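Keeping their order, the protein sequence lines are chains B and E. First residue of the first sequence: 0, per numbering that gives the first Met the number 0; consecutive thereafter. First residue of the second sequence: 0, per numbering that gives the first Met the number 0; consecutive thereafter. Working notes for the structure below.
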Amino acid sequence: MKRYQFNEITTMQYIFLISGTQIGIGILSLPAQLADIANTDGWIAIVIGWIISIIASTIIIKTMEKHQQDTIFDLSRRYFGRTFGTFIHIAFVAYALLASITVVFTAIHITQVWILPNTPNYLIMMLFMLPGFFITKNGVRILGRYAEVVFYLTLWMPILIAVPLQKGTILHMLPMLKEGWAPIIQAVKTTVLSFLGFELAFVFYPFLKEKKHAVKAMVIANSISALTFLLITITCFIFFSPDETPLLIWPTLSLLKTIEFPFIERFEVIFLSFYLFVMSTTGIPYIFTTVFGISQLIGKKDHTIVLLVAVCIFIFTSFLYNPSFFHVQTLGSWWEKYGLWGAYFFPIGLFIYTSIARWFQRGKKK
Amino acid sequence: MMNGIQQTVTHSLDMNEQTLRDYFTKTPDLIYCHLFIGEPKKRALLIYLNTLVDKNSINNNIIDPLLFETKQIHTIADIQLPIGSKSYTTKWEHVIQRVFQGETALFLDGDDHVLLLDTQGWPQRAIAEPQIESSLKGSHQGFIETCEKNIALIRRYLPHQQLKIEETTVGRRGHTPVALLYLEDVAHPEVLQELKDRIEQVDVDTIVNTGELMQYIEDNPFSPFPQFLLTERPDAAVSNLLQGRIVIVVDRSPSVMIGPMTFITFFQTVDDYSTRWMIASFLRLLRLLAFFMAIFLPSAYIAALSFHYEIIPLNLLLTVGESRERVPLPPILEAILMELALEMLREAGLRLPAPIGQTVGIVGGVVIGQAAVEAGIVSNIMVVIVSLTAIASFIIPNPDMSESIRLLRFPMMIAASLFGLVGMVIGFMLIIGHLISLESLGTPAGSPFAPTRLRDWKDTLLRFPLWMMRTRPLSARPTQLTRQKKFRK
Chain B
0 MKRYQFNEIT TMQYIFLISG TQIGIGILSL PAQLADIANT DGWIAIVIGW IISIIASTII
60 IKTMEKHQQD TIFDLSRRYF GRTFGTFIHI AFVAYALLAS ITVVFTAIHI TQVWILPNTP
120 NYLIMMLFML PGFFITKNGV RILGRYAEVV FYLTLWMPIL IAVPLQKGTI LHMLPMLKEG
180 WAPIIQAVKT TVLSFLGFEL AFVFYPFLKE KKHAVKAMVI ANSISALTFL LITITCFIFF
240 SPDETPLLIW PTLSLLKTIE FPFIERFEVI FLSFYLFVMS TTGIPYIFTT VFGISQLIGK
300 KDHTIVLLVA VCIFIFTSFL YNPSFFHVQT LGSWWEKYGL WGAYFFPIGL FIYTSIARWF
360 QRGKKK
Chain E
0 MMNGIQQTVT HSLDMNEQTL RDYFTKTPDL IYCHLFIGEP KKRALLIYLN TLVDKNSINN
60 NIIDPLLFET KQIHTIADIQ LPIGSKSYTT KWEHVIQRVF QGETALFLDG DDHVLLLDTQ
120 GWPQRAIAEP QIESSLKGSH QGFIETCEKN IALIRRYLPH QQLKIEETTV GRRGHTPVAL
180 LYLEDVAHPE VLQELKDRIE QVDVDTIVNT GELMQYIEDN PFSPFPQFLL TERPDAAVSN
240 LLQGRIVIVV DRSPSVMIGP MTFITFFQTV DDYSTRWMIA SFLRLLRLLA FFMAIFLPSA
300 YIAALSFHYE IIPLNLLLTV GESRERVPLP PILEAILMEL ALEMLREAGL RLPAPIGQTV
360 GIVGGVVIGQ AAVEAGIVSN IMVVIVSLTA IASFIIPNPD MSESIRLLRF PMMIAASLFG
420 LVGMVIGFML IIGHLISLES LGTPAGSPFA PTRLRDWKDT LLRFPLWMMR TRPLSARPTQ
480 LTRQKKFRK
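Okay, structure coming up:
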């Protein structure tokens, strides 16, 4: 029996949902981090990170494939029993919660710094929670459609980012591999984390209508993200030079400062306002995962009430706490630390464990 | 059902007449016509509502042949009259309902069957070009207030046995006849059943207009967007029928309702298909641009002036500053004042008779114009922006959609005045979030964008050449997808 029959998403929606989650706040600072570690060769690390994330997401799909109607929450209980399964359930919810907190607070911080310096953060939080609530409330199907529309609406943005390319110096990219492979391997850790988001396949896979395309969809989603990362990183390197890039906090936004039109100035303000769309497709899936996980934990089918409580807590928190840039960065690094376990080591472990468990079960039956 | 009256007609003519007289009190337009028909003479009673019938037809086709009847009449079935549409009943309920619809009932003494004859004829206007939806190249016939005529107008386009019509009535007091038209081999049975169920559920006094029925059966009553298309054009109705949608004709109302609709269908007109595709595509894009302008232009002005004046280039900023120099109002008040003035003008012009309507135009030119600027109430730029918004909202071909856009402008202006561009983007997010979760008869209104149906994109932002439109849009869930294989034999 299909459990999520009325909430199914198409392959395309699934692709955009995953890649939308991947492309978010990380991309704003990625070029700086890469240039810091690997200088001109940072982009090679993206390619390697892309391959690794594809492998990891394929492992996730392979794990989920055996029980097509199970989310990670059902799966953990199925394999690990009640106590330990609940522990994993809570751990995953906590991970999604951390991710949503990071995304929301980073978005607020960026908005305050770049667009609305005088608006108190709790007002911005209330504003952000409005679409957050209404879109999350409607479930995975609407999330998928939202990711689709946002993808179409933001197609112009990468093209615009590439505009400064023509003013850049391509020589900045050379020499290749000037310090050998060591810094690249170091940078891979950073790039691998910018691909975070595919681990939500643990939750969204059961909603996918055509399961046979799942692996292909993951590859495409990761490739869309990789292309975007590559485009922005290379543009930054060519335009600013890899030596200047690490000095900028948000090189991607600084890139936009250089774009000028005769009829409009300070284009990055408009761009960044619109970039809220991109950030929303990162934040909303995580918020959904958190809320969905909690409501499954307490045995509620409808997640609206949990969502309402979560939104209220978010708004309430913002009254008391306005993270500084340092705090936002710390949050981000926590997410990344947790994400390395949640999205890479955990799926591999789970895959090995489930394979062995099944192998044993089969042995018993014989 | 009827209070104090027995359910079925009796054999006695006198008793039947008494029942009728008890029921129809203070109904001076109900005519009781006593006749003696056949050889030997037999008593008969003809009743009809004088106001709802075609008197010529009654005199020539009923009374005249009955008076000169020479045969012996045993039962009511022996009576032969030159009227094609007739039926028999023994139930009072039917008799009364039909008489109220303009039919004539014939009672014969000694028979408990009643002959109901179609003699409808009431005041109706001639078929004319619809005023709110005029067209350059399409037909110049519009629907009128009679269900039958409207169905006739549609049938003229589709002389095909698959065009099915299902009739029902809505309203306890009004008994408004409602007809569902669809192509049986194209329309999806689930959608049809859903629509039928919803209409059946409606339990109200009466439906005066199609718009009322629409509000009773729509998916989301809390949406600013229309979920059914109302049109007065038969060609538009037929074009939608062919796409697998269902047309609902409501008697007494000149507009028919069409569903299920998607968001983008409100930007299509029948003219699009009879113009060449490049021009039609250009018009489509123009309308979409107008959609965004009508919603976002005043709020963009407010956001730019109150939050982000740095995005305006210096030269323009100086001009704006100069023109706003004498204006005492903050941008949001200035904008709301002008937008409200515009809405009032439009509403005033709508209801006024044409001769006085001209005055509105002249007065409007003063309020939204140079005089307002010279008085120092508003700036030049604001006047330009208000006028642009007005033009933009006029371009939207569907009046319902145009109205929802006009309404959405105001919350958007408030959001922009509170949060600048961020407020606008969040507003846009909310609109998108709402549109993608909106449904019309259970089909997504965001189609073909969300969910993506690339095949349907041929008739959205651009209107592809007709020979490329081989399939019907998936959004209406047609059961027969292929419209035509090639356009040549």
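Ideal Cβ placement from N, Cα and C applies to all residues, glycine included. Since the structure is predicted, the reported quantities are computational estimates derived from the model, not experimental observations.
Could you pull out every unbroken beta strand (DSSP E) segment of at least 3 residues lying fully inside the segment 18-53 of chain E, listed in chain order?
-> 29-36, 41-48
Beta-carbon separation (whole angstroms), ILE219/B vs ILE14/B, contact threshold 8 Å = 5 Å
Please check if any C-beta of chain E sits within less than 8 Å of the C-beta of ASN221/B.
-> no
Would you verify that the beta carbon of LEU252/B is, or is not, closer than 8 Å to some beta carbon of chain E?
-> no
8 Å Cβ cutoff, PRO450/E in contact with chain B | yes
Quick one: is SER403/E near chain B, going by C-beta distance under 8 Å?
-> no
DSSP state of VAL201/E, grouped into three classes?
-> coil
Assuming THR257/B contacts PRO163/B under a Cβ cut-off of 8 Å, what Cβ separation, rounded to an integer in Å, is found between them?
-> 5 Å
If you measure beta-carbon to beta-carbon, which residues of the segment 380-397 of chain E are closer than 8 Å to chain B?
-> none
List the residues that DSSP assigns as beta-bridge partners of ARG345/E.
-> Answer is none; ARG345/E lacks a bridge partner.
Name the chain B residues whose beta carbon is nearer than 8 Å to that of ILE425/E?
-> LEU126, PHE127, LEU129, PRO130, LEU275
If we cut at 8 Å on Cβ distances, does TYR285/B have a partner in chain E?
-> no
Look at the Cβ atom of THR113/B, then the Cβ atom of LEU252/B, and state whether they are nearer than 8 Å.
-> For the sequence presented, residue 113/B should be read as Trp rather than Thr. Yes.
Neighbourhood of SER238/E by C-beta distance below 6 Å, restricted to the same chain and skipping five residues each side = VAL269
Go through its chain and collect everything with a Cβ distance to PRO39/E's Cβ below 8 Å, but skip five positions before and after it.
-> GLN71
Run through DSSP, which three-state label would GLU144/E get?
-> coil
Hey, quick one: how far does the beta strand (DSSP E) through PHE106/E stretch, first residue to last?
-> 103-107
Neighbour list for MET11/B in chain E, Cβ cutoff strictly below 7 Å = THR451
Under a CB-based cut-off of 8 Å, is GLU165/E close to chain B?
-> no
Whose Cβ in chain B lies nearer than 9 Å to the Cβ of PRO464/E?
-> Within chain B, no residue comes near PRO464/E; the closest Cβ sits about 23 Å away, beyond 9 Å.
Would you mind giving the Cβ-Cβ distance between THR281/B and ILE24/B, rounded to the nearest angstrom? I have them listed as a contact below 8 Å.
-> 6 Å
For MET428/E and chain B, any beta-carbon pair shorter than 8 Å?
-> yes
Beta-carbon proximity check, ARG251/E vs GLU144/E, cutoff 8 Å | yes
For GLU16/E, collect the residues of the same chain with a Cβ closer than 8 Å to its Cβ; drop the 5 residues on either side in sequence, then sort them by chain order.
-> TYR31, LEU44, PHE106
Report the residue ranges of all beta strand (DSSP E) runs contained in full by the segment 226-265 of chain E; include only those spanning at least 3 residues, in chain order.
-> 228-230, 245-249, 255-258
Please state whether DSSP places TYR320/B in a helix, a strand or coil.
-> coil
Buried or exposed: which applies to LYS163/E, given that a residue is buried once 16 or more other Cβ atoms fall within 10 Å of its Cβ?
-> exposed
What distance in whole Å lies between the Cβ atoms of PRO259/E and SER403/E, which are believed to be in contact at a cut-off of 8 Å?
-> With 8 Å as the limit, SER403/E and PRO259/E do not qualify as a contact, their Cβ atoms being about 17 Å apart.
Considering only C-alpha positions, which residue in the set HIS187/E, ILE294/E, GLU128/E, MET381/E is nearest to GLY243/E?
-> HIS187/E
Quick one: which residues of the segment 54-80 of chain B get their C-beta closer than 7 Å to a C-beta of chain E? List them in chain order.
-> none
Please compile the residues from chain B whose C-beta is within a distance smaller than 7 Å of the C-beta of VAL319/E.
-> Going along chain B, no residue has its Cβ under 7 Å from VAL319/E, so there is no contact; the nearest lies around 13 Å.
Among GLN328/B, THR118/B, VAL148/B, SER28/B, nearest to SER305/E - alpha-carbon criterion = THR118/B
What are the boundary residues of the beta strand (DSSP E) that includes TYR272/E?
-> No beta strand (DSSP E) holds TYR272/E; the alpha helix (DSSP H) holding it covers 270-273.
Min CB distance GLY422/E to chain B below 8 Å | yes
Nearest CA to the CA of VAL367/B: which residue from THR57/B, GLY19/B, ILE36/B?
-> The requested residue 367/B is not part of the displayed model; chain B covers only 0 to 365.
Give the straight-line distance between the Cα atoms of TRP42/B and GLN32/B, rounded to the nearest whole angstrom.
-> 11 Å
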